[in-house]
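Worksheet: the structure to be examined is printed underneath.
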Amino acid sequence: MPLELIILIASLLVSWLVFNWAFKVLKASVGTAIALAAIVLVMQLLFGIGPNQLFQHITHLPETIGKIIFGK
Numbered sequence: 006m007p008l009e010l011i012i013l014i015a016s017l018l019v020s021w022l023v024f025n026w027a028f029k030v031l032k033a034s035v036g037t038a039i040a041l042a043a044i045v046l047v048m049q050l051l052f053g054i055g056p057n058q059l060f061q062h063i064t065h066l067p068e069t070i071g072k073i074i075f076g077k
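Using our numbering, the letters of the sequence shown correspond one by one to residues 6 to 77.
In structure tokens, the structure reads:
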């Protein structure tokens, strides 16, 4: 087999693997984004907690967990 044919086959295989990997990452990212949007929407509609309030509590989460664990 000529060298060009081997390089072509190898490049097609690598391209296919990269495409499959990128598709799986994109699929997982979209699923996560939809789940997060649904959670924020439910929090806002049912409890009146807006995205800013939720983000503020998330940023203080390590401090809250430390208070629960160490009792300070």
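Quick reminder that beta carbons are idealized off the backbone N, C-alpha and C, glycines included.
Between residue i and residue j, what straight-line distance do the alpha-carbon atoms span, to the nearest angstrom?
i          : j          : result
residue 63 : residue 57 : 10 Å
residue 51 : residue 42 : 14 Å
residue 6  : residue 22 : 23 Å
residue 8  : residue 17 : 14 Å
residue 46 : residue 39 : 10 Å
residue 20 : residue 27 : 10 Å
Below 8 Å on the Cβ atoms is my contact criterion, and I expect residue i with residue j to pass it. Report the Cβ-Cβ distance as a whole number of Å.
i          : j          : result
residue 48 : residue 59 : 6 Å
According to DSSP, is residue i helix, strand or coil?
i          : result
residue 71 : helix
residue 48 : helix
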